[in-house]
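K.L.:
The following block contains the structure, expressed as structure tokens.
Residue numbers (the numbering used here), protein chains in the order written: chain A, 1 to 162; chain B, 1 to 162.
So, in structure tokens, the structure goes:
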């Protein structure tokens with residue numbers, strides 16, 4: 001299975017800079033080995049319609065069972081960063097730094113390319129109302145949808161600036 | 001103003017491990033200086049009711065204007081990590097690592113203590129339906145609410161495990 005595409009559901013993620021992303025992955029995971037070997041990975045944003053497939057990827061380890069057929073895979077430039085056709089947003093990442101935490105490897109990737117389905121764009125910008133991302137809450141271990149747009153940033157607070 | 005409580009709206013955050021959090025803060029910000037000097041900071045989760053105050057903290061720099069009176073402040077153990085009474089969740093953090101990115105300082109903090117308003121708990125666990133957090137989308141610079149609970153994690157995908 002070592003050469004097959006592998007997918008994992010990641011709970012601990014972060015944004016470092018606008019084009020650098022972190023994954024905090026418990027060292028017990030099979031996927032860590034692949035990222036360390038290939039120095040590439042992809043980030044795939046599943047929609048609420050894919051909640052079962054996403055959760056399945058978090059339940060089953062690639063060590064025991066291939067997850068290559070859960071999604072239809074495509075590749076960009078590096079042939080070691082499989083991406084998911086049914087995800088409206090996929091990001092190809094180059095590993096630039098690994099931080100060794102007690103129980104987790106923190107993989108920091110620079111986004112080399114972003115693949116975006118045109119159907120989720122509004123006037124050329126990603127519209128999260130169309131993406132319908134899955135949000136994860138660790139406290140009660142649950143998946144949530146995105147709600148409503150409340151306000152425009154760097155704008156709604158101006159009225160308090162006296 | 002250097003000794004006054006200061007608050008900032010942070011766009012780039014991340015979870016490293018369950019008790020370690022990252023802040024990706026552009027080096028131009030005044031707040032970076034305070035975190036570096038004090039080696040402590042707090043994370044405060046505003047609710048959708050505080051969207052104006054939160055945005056205001058992202059518009060105005062503490063370099064030019066004190067933000068000490070935007071919120072009612074309280075302190076835990078370290079007197080250098082002001083927290084917000086009106087936020088249902090506040091986390092006191094100890095700076096454990098700084099990563100130097102081209103335009104951003106990445107501050108990684110270990111959570112030393114979490115202060116949680118009992119009104120947002122359901123059976124002793126933080127209930128995000130009660131927290132009503134503000135979600136931030138960078139693409140179109142907007143604030144969003146949390147939607148509905150879709151499914152239970154490590155559970156809903158089991159039916160695909162054949």
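Note that the Cβ used here is the ideal one computed from N, Cα and C, for glycine as well.
1) Starting from residue 100 of chain B and walking both ways along the beta strand (DSSP E), at which residues does that stretch end?
2) Could you tell me which uninterrupted beta strand (DSSP E) segments, each at least 3 residues in length, are contained entirely in the region 43 to 129 of chain A, listed from first to last along the chain?
3) Contact criterion: CB-CB distance below 7 Å. Does residue 43 of chain B meet it with respect to chain A?
4) With a threshold of 16 other CB atoms inside 10 Å of the CB of residue 96 of chain A, please say whether the residue is buried or exposed.
5) Identify the contact partners of residue 16 of chain B in chain A, using a Cβ-Cβ distance below 9 Å as the criterion.
6) Note down, in chain order, every chain A residue with its Cβ under 7 Å from the Cβ of residue 69 of chain B.
7) Give me the chain A residues within the contact set of residue 159 of chain B, using Cβ-Cβ distance strictly less than 8 Å, ordered along the chain.
8) Alpha carbon to alpha carbon, how far is residue 102 of chain A from residue 82 of chain A? Give it in angstroms, no decimals.
9) Is residue 141 of chain A close to chain B, meaning its C-beta is less than 7 Å from at least one C-beta of that chain?
10) Under 8 Å: do the region 110 to 117 of chain A and the region 122 to 134 of chain B share three or more Cβ pairs, one atom per stretch?
11) Which one of A:17, A:11, A:21 and A:2 has the shortest CA to CA distance from residue 90 of chain A?
12) Flag residue 55 of chain A as yes if its beta-carbon sits less than 7 Å from any beta-carbon of chain B, otherwise no.
13) For a contact meaning CB atoms closer than 7 Å, what does residue 74 of chain B contact in chain A?
14) Given 8 Å as the limit, is there contact between the region 19 to 35 of chain A and the region 49 to 64 of chain A, that is, 3 or more CB pairs closer than that?
15) Which value, in whole angstroms, describes the spacing of the CA atoms of residue 5 of chain A and residue 150 of chain B?
16) Which word fits residue 176 of chain B, buried or exposed, when buried means at least 16 other C-beta atoms lie within 10 angstroms of its C-beta?
17) Going by the beta-carbon positions, is the gap between residue 57 of chain B and residue 8 of chain B smaller than 7 Å?
18) Go ahead and pull the three-state DSSP assignment for residue 138 of chain A.
19) Beta strand (DSSP E) containing residue 35 of chain A: first to last residue?
20) Kindly examine the ligand HEM and report whether one of its heavy atoms sits closer than 6 Å to the Cβ of residue 151 of chain B.
21) Using three-state DSSP, classify residue 156 of chain A as helix, strand or coil.
22) Return yes when the Cβ of residue 87 of chain B is within less than 7 Å of the Cβ of residue 134 of chain B, no when it is not.
23) CB residue 110 of chain B to CB residue 160 of chain A, shorter than 7 Å?
24) Measure the CB-CB distance between residue 16 of chain B and residue 106 of chain A and report whether it falls below 7 Å.
25) Judging by CA-CA distance, which residue of B:72, B:48, B:93 and B:155 is the nearest neighbour of residue 36 of chain B?
26) Can you tell me where the beta strand (DSSP E) holding residue 20 of chain B begins and where it ends?
P.N.:
According to the structure data:
1) Residue 100 of chain B -> beta strand (DSSP E) spans 89 to 100.
2) Scanning the region 43 to 129 of chain A for uninterrupted beta strand (DSSP E) segments of 3 residues or longer gives 89 to 100 and 104 to 116, listed from N- to C-terminal end.
3) Not an interface residue.
4) It counts as exposed.
5) Result: 12, 14, 22, 24, 99, 101, 104 and 106.
6) Within chain A, no residue comes near residue 69 of chain B; the closest Cβ sits about 11 Å away, beyond 7 Å.
7) Under a criterion of Cβ atoms nearer than 8 Å, the residues of chain A adjacent to residue 159 of chain B are, in order, 52.
8) Computed Cα separation, rounded: 28 Å.
9) Chain B places a beta carbon closer than 7 Å to that of residue 141 of chain A, counting this residue as a contact.
10) Counting C-beta pairs with one atom in each stretch, the region 110 to 117 of chain A and the region 122 to 134 of chain B have fewer than three that are closer than 8 Å, which means they do not touch.
11) Of A:17, A:11, A:21 and A:2, the residue nearest in Cα terms is A:21.
12) Cβ-Cβ to chain B under 7 Å: yes for residue 55 of chain A.
13) Going along chain A, no residue has its Cβ under 7 Å from residue 74 of chain B, so there is no contact; the nearest lies around 21 Å.
14) Contact holds: three or more Cβ-Cβ distances are below 8 Å.
15) When rounded, the separation of the alpha-carbon atoms in residue 5 of chain A and residue 150 of chain B is 27 Å.
16) Chain B is shown from 1 up to 162; residue 176 of chain B falls before or after that span and cannot be answered.
17) Pairing residue 57 of chain B with residue 8 of chain B gives a Cβ-Cβ distance under 7 Å.
18) In the structure shown, residue 138 of chain A sits in coil (DSSP, three-state: anything other than H, G, I, E or B).
19) DSSP places residue 35 of chain A in no beta strand (DSSP E) but in the uninterrupted alpha helix (DSSP H) bounded by 30 to 38.
20) Annotation note on the ligand HEM: not contained in the displayed structure, which lists no ligands.
21) Residue 156 of chain A falls in the coil class under three-state DSSP.
22) At a Cβ-Cβ threshold of 7 Å, residue 134 of chain B and residue 87 of chain B do not count as neighbours.
23) No.
24) Yes, they are a contact pair.
25) Of the candidates B:72, B:48, B:93 and B:155, the one whose C-alpha sits nearest the C-alpha of residue 36 of chain B is B:93.
26) Residue 20 of chain B -> beta strand (DSSP E) spans 20 to 26.
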